[in-house]
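Enquirer: Let me give you the structure first, and then I'll get to my questions.
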Amino acid sequence: MEIAGGNVREMGTKCQPISRIWLDAERKIASFHPLADTEQNHFCCYSREQFMIYTFALVENGFRFM
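Structural data, given as structure tokens:
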């Protein structure tokens, strides 16, 4: 599924903790889940603005957050 705002670019080299956004496209539900300790627990950094644009785009496309 292509969501507007999902095509973000890396904005720097600082790393920060992240959560995954899981999408249920059939029921249009999105939810945040922290990465497990066994998984990579950071990414090199997308801006907070781009993250917010992506989450707002999900809402505009009818997704609800749990």
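Numbering (the working numbering), first residue to last: 538 to 603. Glycine included, each C-beta is placed from N, C-alpha and C at the ideal position.
Can you list, in chain order, the residues of its chain with a C-beta nearer than 6 Å to that of Ala509? Leave out the 5 residues immediately preceding and following it.
Expert: This structure leaves residue 509 out entirely; the chain is present only between 538 and 603.
Enquirer: Span of the alpha helix (DSSP H) holding Met589?
Expert: For the purposes of this step, residue 589 is taken as residue 52 along the sequence shown, with counting starting at 1. Here the alpha helix (DSSP H) through Met589 covers Arg585 to Glu597.
Enquirer: Once the 5 residues before and after Met589 are set aside, which same chain residues still bring their CB inside 8 Å of it?
Expert: Translated into positions along the sequence shown, residue 589 becomes position 52. Closer than 8 Å at Cβ, skipping near neighbours: no residue.
Enquirer: Using DSSP with H/G/I as helix, E/B as strand and the rest coil, what is Phe600?
Expert: Position 63 of the sequence shown, counted from the start, is the residue given in the question as residue 600. Reduced to three states, the DSSP call for Phe600 is coil.
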